[in-house]
Structure formats: C-alpha cells, structure tokens
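According to numbering that gives the first Met the number 0, the sequence shown is numbered sequentially starting from 0. Cβ coordinates follow ideal geometry from the N, Cα and C atoms, glycine included. One structure is given below, encoded as structure tokens.
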Amino acid sequence: MCYHYLYMARRKLEDENVRSLNKTSGGNSYGITLPLRAIRLFRWQARQKLQITVDEKRKRLIIEDWEE
C-alpha cells in the first residue's frame, strides 16, 4: 500500500513566505496561515489575541501583540 499521498510536500526555501488567502467556513472572514518559524520567533500561543492594523497607503497588514 502506498502512503505518499498522506504527506504534504515541503515548500522551497524561496517560497517559504508565500501564503494563500482562504475563506473561512462561515464565509464572512478570511484566514491566512503564518509560518511556524515566525510564531516561534514571536513566542505567540494558540488563541492569543493579536492586533491587526491596516496600512492602506502601503497595502499591508501589521500584526502585533494585543495590549490591554
């Protein structure tokens, strides 16, 4: 029996930061996966609150720790 279809191929190093925008199941939001390396670097945890800032001028999103 062949199990090669169970494992995802590893990304090339030059494509490591290329990500896909995905629509959530409810259809009202979008999601994006972040590289595990970045999550570990910033020491973020699952379900941690983050603040998203939209920079319309430079067309980018800025993700920061949420502070009370």
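CB of residue i within 8 Å of CB of residue j, strictly
i, j, result
"Thr-52", "Ile-38", "no"
"Leu-40", "Glu-63", "no"
"Pro-34", "Glu-15", "yes"
Nonlocal neighbours in the same chain, by C-beta distance under 6 Å from residue i, ignoring five residues either side
i, result
"Leu-20", "Tyr-29, Ile-31"
Reference residue i; option with closest CA among the options
i, options, result
"Trp-65", "Val-17, Arg-46, Gly-25", "Arg-46"
Close Cβ partners of residue i (< 7 Å) along its chain, the five nearest in sequence each way excluded
i, result
"Asp-54", "Ile-61"
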